[in-house]
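Numbering (the numbering used here), first residue to last: 7 to 242. Ideal placement from N, C-alpha and C gives every residue a C-beta, glycine not left out. Because the structure is a prediction, the values reported are computed rather than measured. In what follows, a structure is listed as structure tokens, so that the remarks can point back to it.
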């Protein structure tokens, strides 16, 4: 039969009791399926193991079949069922040999399935582990906006150039230290702390009722004294 179904992924939500979940697309082997469980509380993703975490029915059926989990999918956890075929071509057509049309159709079906598989990698609602970052439309050679599709960017080095990105750990460690970064805290003129080493290199917003805000910056003078200077006015 032709491959009329363009779907290659189904998503289900657990109720804490249900163990049987449907997939609505054709697979040729149990190993063609990949099951990902997404924890409702942490969003952590776990790839389930065939025969250990689940079994499969409906292999070879055009309408798909079911997967049976053990244990049940926890309440509100997400189960993603995907068809993942190896990027290989296993059909050998021999010159002047017998050729069954069914074999040709299966080879073509698998080719289309792999195209659907690649398409899934570009979808914004695919699991994070199966998703690839995509440059926005109109980006050329890396120019424009990078769209991480809601994913975090991990394992970056500390910045060295002015336009480098910085990790949270780097910002937390350097904000407000020796003028290399800043933190902004709001005070009134009566509650703003005295200038001192603890505030050196930091900004504060001084706002009194009915008066424009002033952004002040703590500096260290040549005689090692400290003072607040007005850095600018207006909302920080």
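- Separation of residue 233 and residue 82 (C-alpha to C-alpha, rounded to the nearest whole angstrom) is 55 Å.
- In the structure shown, residue 65 falls within a coil segment according to DSSP collapsed to helix, strand and coil.
- Taking the Cα positions, residue 228 is about 31 Å away from residue 164.
- CA-CA distance, residue 18 to residue 158, rounds to 24 Å.
- Note that the segment 64 to 73 does not touch the segment 90 to 98; fewer than 3 beta-carbon pairs, one per stretch, sit closer than 8 Å.
- Annotated as distal: residue 44 and residue 36, with beta-carbon spacing of 8 Å or more.
- Looking only at 206, 60, 214 and 204, the smallest Cα-Cα distance to residue 196 is reached by 214.
- Here the C-alpha atom of residue 39 lies approximately 11 Å from the C-alpha atom of residue 16.
- Between the alpha carbons of residue 122 and residue 13 lies a distance of about 8 Å.
- Ranked by Cα distance from residue 93, the options 54, 112, 117 and 87 are led by 117.
- Residue pairing of residue 89 in beta bridges, as defined by DSSP: 39.
- C-alpha of residue 11 to C-alpha of residue 85: approximately 21 Å in a straight line.
- Per DSSP, the unbroken beta strand (DSSP E) holding residue 75 starts and ends at 71 to 75.
- For residue 192, the beta-bridge partners assigned by DSSP are 211.
- Residue 177 and residue 171 have their C-alpha atoms roughly 10 Å apart.
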